[in-house]
Each structure stands twice: as structure tokens, then as C-alpha cells.
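Chemist:
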Amino acid sequence: MPGLKHFTTEVLVIGAGGAGMYAAIEASRQGASDILLLERSLIGRGGATVMAQMTVAAALDEEDDWRHHLADTLAAGRGLCDPALATLLCEVGVDVIREMEGWKVGWARDGNRLRAVQAPGHDRARCVYVDFLSTGPAVSRTLRAQLQKHDRIRRTGDVVVTDLVTQDGHVTGAVGFDIAHGTPVVIEAKATILATGGLTRLYRRNSASAHMSGDGFALALRAGAKLLGMEFVQFFPIGHLAPRMVGMDPIMWDPFRYKLGGRLLNGEREEFIDRYGGTDEGKYTTTRDLATYAITQEVAAGRGSPHGGAWLSFRHVPAEELRAAFGPVIDKLAANGIDLTQNDIEVAPIAHYHMGGVQVDTAMRTNIPGLFAAGEVVGGANGANRLSGNAITEALAFGKVAGHEAAHAAPGPAFSMEAAKAALALVSATGPMRNTAALVAKLQAAMADHAGPFRDAAGLARAAAAIAEIRAETGDLPPGAPGMPFDLARLDWFDLRQMLLVADSIVTAASARTESRGAHQRTDYPETSEDWRLNLLLSGDENGLSLTRISVPEAA
Amino acid sequence: MPEATLVIRRGSPGETPRDEAFTVEFQPGASVLDVLRMLRVERDPTLTFRYACLNANACKECMMVVNGKVTYACTARVMEGTTTLEPLPNKELVRDLVTQIAPPDERF
Ligand SMILES: Cc1cc2nc3c(=O)[nH]c(=O)nc-3n(C[C@H](O)[C@H](O)[C@H](O)COP(=O)(O)OP(=O)(O)OC[C@H]3O[C@@H](n4cnc5c(N)ncnc54)[C@H](O)[C@@H]3O)c2cc1C
Ligand code: FES
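Protein chains in written order, with numbering that gives the first Met the number 0: chain A, 0 to 555; chain B, 0 to 107.
(1) Classify B:T22: buried if its beta carbon has 16 or more other beta carbons within 10 angstroms, exposed otherwise.
(2) For the region 228-266 of chain A, which segments carrying the beta strand (DSSP E) assignment without a break, of at least 3 residues, lie completely within its bounds, in sequence order?
(3) Using the rule of at least 16 other Cβ atoms within 10 Å of the residue's Cβ for burial, across every protein chain shown, is B:P86 buried or exposed?
(4) With a threshold of 8 Å on Cβ separation, who are the neighbours of A:D94 within its own chain once the five nearest residues in sequence on each side are excluded?
(5) Have a look at A:P82 and A:H67 and give me their C-alpha separation to the nearest angstrom.
(6) Could you have a look at A:V359 and say whether DSSP puts it in helix, strand or coil?
(7) Per DSSP, what are the beta-bridge partners of A:T134 in this structure?
(8) Kindly say whether B:V40, judged by its beta-carbon, lies nearer than 9 Å to any beta-carbon of chain A.
(9) So, do the region 250-270 of chain A and the region 303-316 of chain A have three or more beta carbon pairs nearer to each other than 8 Å?
(10) How would you label A:M432, buried or exposed, when you count the other beta carbons within 10 angstroms and need 16 or more for buried?
(11) Nearest-angstrom Cα distance between A:G276 and A:T285?
(12) With DSSP as the reference, label A:I348 as helix, strand or coil.
(13) Out of A:L536, A:L370, A:A380, A:R385, state which residue places its alpha-carbon closest to the alpha-carbon of A:A406.
(14) What's the gap between the Cα of A:G451 and the Cα of A:V232?
(15) Comparing the CB of A:S504 with every heavy atom of ligand 1, is any distance shorter than 8 Å?
(16) Against B:E2, what residues of chain A qualify as contacts under a CB-to-CB distance less than 9 Å, listed in chain order?
(17) From the DSSP output, in three-state form, read off A:W492 for me.
(18) Starting from B:R106, trace the alpha helix (DSSP H) in both directions and tell me its first and last residue.
(19) Only counting the same chain, and skipping five residues up and downstream in sequence, which positions put a Cβ closer than 6 Å to that of A:L142?
(20) Taking the CB atoms as reference points, tell me whether B:L5 and B:L38 lie closer together than 9 Å.
(21) Where A:E553 and B:D43 are concerned, what is the direct C-alpha to C-alpha distance, given to the nearest angstrom?
(22) What is the DSSP secondary structure of A:V10, counted as helix, strand or coil?
(23) Does DSSP put A:H306 in a helix, in a strand, or in coil?
(24) Would you kindly report the start and end of the unbroken alpha helix (DSSP H) that includes A:S571?
(25) Would you list the one or two residues that DSSP bridges to A:F414?
(26) Identify the continuous beta strand (DSSP E) that holds A:A293 and give its terminal residues.
(27) Measure the alpha-carbon distance for A:V185 versus A:A173 and round it to whole angstroms.
(28) Quick one: which unbroken beta strand (DSSP E) runs of 3-plus residues sit fully inside the region 12-96 of chain B? Chain order, please.
(29) Just reading off the alpha helix (DSSP H) that A:A85 is part of, what are its end residues?
(30) B:S11 and B:R76: beta carbons closer than 9 Å?
(31) Could you give the DSSP three-state label for B:E2: helix, strand or coil?
(32) Can you give the beta carbon distance from A:H353 to A:G197, rounded, assuming they're within the 8 Å contact cut?
(33) So, A:R108 versus A:D60, is the Cβ gap smaller than 9 Å?
(34) Tell me whether B:T74, by its Cβ, gets closer than 8 Å to a heavy atom of ligand 2.
(35) Please list, in chain order, the chain B residues whose beta carbon lies closer than 9 Å to that of A:L289.
(36) Chain B beta carbons: is any one of them nearer than 9 Å to that of A:K258?
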């Protein structure tokens, strides 16, 4: 095949966020002879990790214990956490956060003690951070610096993986293309780690990056792996809505609430969380699922803020206190015309994180030999709802475990180009022009309108119909030809192919679960049912998904 | 209705660069990146620029030349009237507004 680029490696890591970078480092420390870290964006910049502005949860304090953190994680998960994975998150989490400290990430401290805040759902101050709003950039920078110390890790950006290669039930490598040149790529690998992050690009209003099209979920399904908990998409309740801001993450109000409290008010400037069983009173204690519910209900009842959300007010906080807590951020707000001593801002729920994902065991192994997963793409640790601060910990801890296991994985069958043929044909194909950017926008609208945090049978059926229609418009061939530099219309086509399958999985699972729990709220089935304390496991592809009910593993 | 016009330098290496103008309704507060993304959906999906984080100014991938100054597309605001967009001058051109900004040892 002309222009085909062929890589051979021992451990292939797909995605260079927190999970992928940690996995690569650990695989190298475990003696893997060659590790290839592939990223569709630039190394350490493309995903959610670099964007995380807030905090990282781990039981670091002498008086704390990972078992307390575990108890909070299980309670937040509304009965659906896999206790073994949650244990790993909380226990290994302590080690990785300490190791990051040793690598000079710069957690904020008071003397010898790390400074921690108490995030909603945690029983104590357990969430460490890097000032000011710099946790994610600091984590990314630190891991990048470590990566560079390992000669056996090759790092390559601008390569998107479009399919995994399977032979005799093993994953033996992957296929994709280099975005900067449009060249098809094939990689043979003894072990492959999916560290592709979440799926929030499926929704119109989302907090994450352009690369979060849920590729890993679709790659896993097509390779024969299974997904669980796909109905549990976490919406972050107080995403920035108005006035329009530049240069700030929409999640930024969360740390403001940790440090300063702030008051959440409806369109009539009344506190309202207490009407839904939470408490506000200027403190930040309500979990994400409840706050999302309360804001959406107020808006539905005609008591929303002008742009359809809630007001968040810090007007009672003195200017000096604002400045002490957020320093330069206050100037950035001023540049956006926002003075918190004078103006309230508007907030509304925004797609933020995915609790569901690839089913793995405690070694991050999928059911397909040769295929591992780590980070947000993994399902189960956080059940039906995730605690703040658990996602970065999860990414680093699971990355470490996956890197360790992949380095010691038993080799599968010898790689055969024959097995990669269909996937290579697709990345080498030529097809008719289409406005794939518009099709992505159409899918985002359908998912936001009908498969958001509040669903019912009729809406989910509309979402399914929209997915089918968009799939028909997307067609079987990518627009244009291979070999074009940075062909975004073509890249969007490959993204749509993954996004449509991931959307199918969400809608299928959400339609089946006829109850409300955590991040999945069915307006036609508002109660939580004990009979539904089980997980929905998905397998298949766009030609048909099948669902199995599996019980939640008991705590050991 | 107030309008904003984006004049965008386009082309691939080896081609003579061309300027294309797109006029849109002026939206107070919109960033250059907001308008570029909207243009891809509504006018021309082949328009090429690099970005990852949309809003946060965290990925630092969206650097380009806006009205003659090197800046981030996600923090520069589109004003009424004309805004010119060009690729970074001191980097190898990939296509339209995209240049090769990956560290040399992290390239394909
Ligand atoms: C704005 C924001 C703020 C957040 N704040 C916090 C916080 O304060 N605390 C907390 O604990 N969590 C937070 N989270 C969640 C947390 O950041 C993520 O869950 C976590 O970083 C995920 O890490 P990851 O390594 O699994 O994925 P990511 O960091 O998202 O990395 C995945 C990488 O894979 C790449 N990729 C995807 N598909 C492909 C493909 N097909 N081929 C090649 N590469 C691919 C992507 O480009 C990306 O770089 C936040 C999330 C967001 C969006
Ligand atoms: S899009 Fe990420 S910094 Fe501009």
C-alpha cells in the first residue's frame, strides 16, 4: 500500500492524557522494551487532563485512610460501583498522588502539610490542588517531564487510531492515520492500552475538548470488548452559561464554591436546593446529580435565570477575600467584564464526565487478551455518579496498573496484515464530500435534547431515530481521499463513525434502565428501584448491540 | 444588523496562499475560535485550524496570527468589522491556519 506507515512495538498506548502518560511510564519501569504512545492531538494537551482546574482526591492526610475515601466513593455511586475497582482507585490513588508530589507537581501546601479542600460527598478535606486553577496543566507538565526520561517510550502526536486489529480473539495492534499528512498507519503491538478518555463531545454543551468523541468505547466494542454503565453520563451542574467568557473553563466555578461557598439562586433570586433535599446556605455540599436535577427542575418550572440556568452569587464575599483565594483569575474575570462583587453569573448543567465504559478486571484487562484500558474510558469504579476529584486519581492509578500489566502481558498470535485489511481499506478509501461538521452538530443537538441527564422513553426513541438518520447521511465512505494534510472534514467522518456507535450505546442502555439513579434520571420512571441495583453490559456494534444484566460485585 | 468579517489566509504548502472572506452576524463576546467553529458547521467544513480545549485556554494549540499579532484563537475576540487570520509565520505550514507546532521528537 503506498504511503503506509508501519510501526512495531511491545506496548501501544492510545491517548496521552493522565492515564496514557502514567501507563507508558509504568510500562517502561516494568521493563517493556519499547512503548509507543500515540495521541490524536499533541502529547499531554489534547484531552481532559490538561483542562482539569480543580482538585484531586486521595486519602493523604495522616488522619485519613483510603477506606474512608472508598466509603464515600461507594455511597456516591448509588449502589453500582464495582467495589474492587473503587478500592484500587482509592488505594493506588494515594501512591500515585504521592509519586506526583515527588515529581514536583506542586500541590498547594501549608508548611509540611498539603492543603486540601472538602468537596461535596467527601467526609473530610481530601482534595488537593495546584494554585491557581492549575491542577490539570501541572499534572500534564509533570508527566510529560517524566516521559522524556524514558528512552524506550516513543511519543507521537497527530495520529488518530480508528480501529483495533483482532486475530483469534486477541488484539494484536491498531490502524489509524496521521492527521498532519493523512497517511494510513498500522501498528503491531503485543499489548494495547486504551487511554482515550471520555465522550462529552457527543453533547452540544460540554466542558471537554474537541477530541472527546468517545473513540475508545467504540474501538473496544468493535474489538469484542464489553461496555457497562453507558447510561451514566455525568453532567456538571454549574457550568458557566452567561455572560460570554473567553479563556476560562466552563467548570471554573467549582473551585470558587469550594473556597468561598457562594450562593446558588433561581431566577427569582431564591435559594432552592433545599426544595430537592440538598442544603446550600452558602456552602457547597450538594452532590452533582442532585444539583443538576434541582437546577433543571427550577428552569422547567419557569424559575430559571434569563439564559435558562441558575444564578451563582459571590456578591457577599469581600473583594480582598476573592483576591486572596483566586489572585490572577480575578483579573481574567475583569478582562471579561465580570466583577463578582457586583455581578452574579449564570450557570447550567453541562456534559462533563463518563462514569460508564470498558469493562475491566483489577488488572485493567478487558475480556479480549492483549487489550487493556485505563482512565475515564474504564467503566465501573464510580457507579452511577462520580465524586469530584476522583477522575484524575482514577486516570493516574488505573494508568499505573495498566502499564504494569501490559508490560508483563503474554504475547498473542504473530501479527498478520490480513487481519488489518478491512480497517486499512477504510482509512485508504475515497468518498464523496459531505458536511461532516454539520452532522456532528446535529448529533450533539439530538443527544443534548433527548439523551441528556433527564430522559424518557419518547425522547430516547427520538434520539435513536436521529442517530439512524445521521448514520444514513454519514454513509459508508469517508469524504475526500487519503494523503491530504489536516483534513478535518475527513477526520470528522471517522469521529462520527465512533460517536454514532457510542450514542447508540448510551441510548440503548438508557432506554433499558426503567428507573432513576444518579446521573440517569428517567422522568417516566422517577423512582430508584432496588431491583435495578445491577449493571447493563453491552456488546456488539452498529449492526446490533446486545444487552445483558449483570449483578454488581459485592465488596470483598 | 452589525456584521463581522473574517479574512482567512488559506492554502497548503506549495500553493499560492489565498485570502477568503466570511461575513457573519456580529456576536458580542464571541472568540475567533467560536466563529471559526461555527463557519465549519454552517459554511465550509474544509476550513482548517487546530484546537483542542474549546474555551479553557489550556491546550495552547490554537495559536495563530490575528490582526497581525500572534495570539490564541480561543481568547481573541471577534470585533465588528474585519478580522484577519493567518497561520504562524515562523512555523512550517500544514494547511490553512494550521502549522507544525509539535515538538520535533513528538512528530510523526
Ligand atoms: C474541564 C474539566 C475539568 C475537570 N476537572 C477535574 C478535576 O478538577 N478533578 C478531577 O478529578 N477530574 C476532573 N475532570 C475529569 C478528568 O480531567 C478526566 O476524567 C481525566 O483527566 C481523564 O484522563 P484520561 O487520561 O483518561 O483521558 P484524557 O485526559 O481525556 O486523555 C485522553 C487522550 O486520548 C486522546 N485520544 C482520544 N481518542 C483517540 C484516538 N482515537 N486516537 C489517538 N488518541 C486519542 C485524546 O486526544 C486525549 O488526549 C475534569 C474534566 C474536564 C473536562
Ligand atoms: S483551544 Fe485550547 S488554548 Fe485555545
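The beta-carbon is built from N, C-alpha and C at its ideal position, and this holds for glycine as well. Just so it is clear, the structure is predicted and the values come from calculations on it, not from any experiment.
Modeler: Reading off the structure:
(1) Residue mapping note: residue 22 of chain B aligns to position 23 of the second sequence, counting from 1. Burial call: exposed.
(2) 232-241, 262-264
(3) Within the second sequence, residue 86 of chain B is the residue found at index 87, counting from 1. Result: buried.
(4) Numbered from 1 along the first sequence, position 95 holds the residue referred to as residue 94 of chain A. Within the same chain, A:D94 has close Cβ partners A396, K399.
(5) Indexing the first sequence from 1 puts residue 82 of chain A at position 83. Indexing the first sequence from 1 puts residue 67 of chain A at position 68. About 13 Å.
(6) On the first sequence, residue 359 of chain A is found 360 positions in, with the first residue counted as 1. Residue state, collapsed to three classes: coil.
(7) Residue numbering aside, residue 134 of chain A sits at position 135 when the first sequence is read from its first letter. Partner(s): none; A:T134 has no beta bridge.
(8) Along the second sequence, one-based indexing puts residue 40 of chain B at 41. Yes, B:V40 counts as interfacial toward chain A.
(9) yes
(10) For the purposes of this step, residue 432 of chain A is taken as the residue at position 433 of the first sequence. A:M432 is exposed by the Cβ-count criterion.
(11) In the first sequence, residue 276 of chain A corresponds to position 277, counting from 1. In the first sequence, residue 285 of chain A corresponds to position 286, counting from 1. Near 9 Å, if we compare the C-alpha coordinates of A:T285 and A:G276.
(12) One-based indexing of the first sequence puts residue 348 of chain A at position 349. Looking at the sequence itself, residue 348 of chain A is Pro, so the reference to Ile does not match. In this structure, A:P348 counts as strand in the three-state DSSP scheme.
(13) Translated into positions along the first sequence, residue 406 of chain A becomes position 407. That would be A:L370, whose Cα lies nearest to the Cα of A:A406.
(14) As a working note, residue 451 of chain A is residue 452 in the first sequence. As a working note, residue 232 of chain A is residue 233 in the first sequence. Approximately 8 Å between the Cα atoms of the pair.
(15) Against the first sequence, residue 504 of chain A aligns to sequence position 505. The answer is no for A:S504.
(16) Stepping through the second sequence from its first residue, residue 2 of chain B is reached at position 3. Correct list: empty, because the minimum Cβ distance to chain A is about 18 Å.
(17) Position 493 of the first sequence holds residue 492 of chain A. Correct three-state label for A:W492: helix.
(18) In the second sequence, the residue the question calls residue 106 of chain B occupies position 107. Per DSSP, B:R106 belongs to no alpha helix (DSSP H) and is neither H nor E.
(19) Numbered from 1 along the first sequence, position 143 holds the residue referred to as residue 142 of chain A. M20, listed in sequence order.
(20) In the second sequence, the residue the question calls residue 5 of chain B occupies position 6. In the second sequence, the residue the question calls residue 38 of chain B occupies position 39. Yes, they are a contact pair.
(21) As a first step, residue 553 of chain A must be located in the first sequence, where it is residue number 554. As a first step, residue 43 of chain B must be located in the second sequence, where it is residue number 44. Approximately 53 Å between the Cα atoms of the pair.
(22) Stepping through the first sequence from its first residue, residue 10 of chain A is reached at position 11. In this structure, A:V10 counts as strand in the three-state DSSP scheme.
(23) Translated into positions along the first sequence, residue 306 of chain A becomes position 307. If DSSP states are grouped into helix, strand and coil, A:H306 belongs with coil.
(24) The shown model of chain A, from 0 to 555, leaves out residue 571 of chain A, and the question about it has no answer.
(25) In the first sequence, the residue the question calls residue 414 of chain A occupies position 415. Answer is none; A:F414 lacks a bridge partner.
(26) Here the question's residue 293 of chain A lines up with position 294 in the first sequence. No beta strand (DSSP E) holds A:A293; the alpha helix (DSSP H) holding it covers 287-299.
(27) Along the first sequence, one-based indexing puts residue 185 of chain A at 186. Along the first sequence, one-based indexing puts residue 173 of chain A at 174. Cα to Cα, A:V185 sits roughly 6 Å from A:A173.
(28) 17-24, 62-65, 68-71, 80-85, 92-94
(29) Mapped onto the first sequence, residue 85 of chain A falls at position 86. Note, A:A85: alpha helix (DSSP H), 82-101.
(30) Indexing the second sequence from 1 puts residue 11 of chain B at position 12. Indexing the second sequence from 1 puts residue 76 of chain B at position 77. No, Cβ-Cβ distance for B:S11 and B:R76 is not below 9 Å.
(31) Within the second sequence, numbered from 1, the residue matching residue 2 of chain B stands at position 3. Strand at B:E2.
(32) Taking the first residue of the first sequence as position 1, residue 353 of chain A is located at position 354. Taking the first residue of the first sequence as position 1, residue 197 of chain A is located at position 198. Confirmed, about 4 Å.
(33) If you number the first sequence from 1, residue 108 of chain A lands on position 109. If you number the first sequence from 1, residue 60 of chain A lands on position 61. No, these two residues do not count as a Cβ contact at 9 Å.
(34) As a first step, residue 74 of chain B must be located in the second sequence, where it is residue number 75. Because some heavy atom of ligand 2 lies under 8 Å away, the Cβ of B:T74 counts as near it: yes.
(35) The count along the first sequence starts at 1 and reaches residue 289 of chain A at position 290. What A:L289 touches in chain B: nothing, since even the nearest Cβ is about 26 Å away.
(36) To locate residue 258 of chain A, count along the first sequence from 1; it is residue 259. Answer no: the Cβ-Cβ gap between A:K258 and chain B never drops below 9 Å.
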